[in-house]
């Protein structure tokens, strides 16, 4: 698994992005400093552009301060919407995370995920929305992966690690190799646990997963 370090975008590059996509320019023109700093990361800027193109209102995006907050909105808009089929889409995403972790990889064979017609439809929806991508393994088998490793990190944090403290400790004890692939996900999970990062999220639900 390889992660590349991409430099932050400067003001000129942000202006170029605005020229290419007018909604980005309109949003950033009146954006708080925190949002402008957030989108200097190319991944964050691309996700923000996706959300705008998908119809997310500027009022929902303008208050974003952290990558975690952006990922929460992305997940809600791109994976949990529309409501019809949301359980199947999240089940496919969770299974992909679990299969990938088992193989210490970022992908899983499509055949292990498309187990029935409902799962196959969910996969089609996730491919259409750009959440997942499809490719072939060196052996020729069709594989599925999240479209960016940060989306995998977030999905793993949300769907696998977002459990109570005892269950998380047991998981890490029983799967010491999990830390090899889940370190970024653990960071996201503990950021989610912080009250300031969670904003108005229900505190009882937060304590059950973090204390």
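Residue numbers (my numbering): 83 to 293.
Glycine included, each C-beta is placed from N, C-alpha and C at the ideal position.
| Query | Result |
| --- | --- |
| Where residue 124 sits in the DSSP three-state scheme | helix |
| Rounded separation between residue 197 and residue 253 - CA only | 25 Å |
| Cβ pair count under 8 Å reaching 3, the segment 187-204 against the segment 214-224 | yes |
| Under 8 Å between C-beta atoms of residue 147 and residue 213 | no |
| From 94, 230, 133, 182, residue whose alpha carbon lies closest to that of residue 264 | 182 |
| Per DSSP, cross-strand counterpart(s) of residue 214 | 228 |
| Cutoff 8 Å; reference residue 94; Cβ partners in own chain excluding five residues on either side | none |
| Three-state secondary structure assigned by DSSP to residue 191 | strand |
| Whole-Å CB distance - residue 162 paired with residue 168, under 8 Å assumed | 5 Å |
| Distance between residue 224 and residue 110 (C-alpha atoms, nearest Å) | 39 Å |
| Reduced DSSP category for residue 267 - H, G, I as helix; E, B as strand; rest coil | helix |
| Best match in 103, 112, 170, 221 for proximity to residue 202 [C-alpha to C-alpha] | 170 |
| Supposed close pair residue 121, residue 142 - CB separation, criterion 8 Å | With 8 Å as the limit, residue 121 and residue 142 do not qualify as a contact, their Cβ atoms being about 15 Å apart. |
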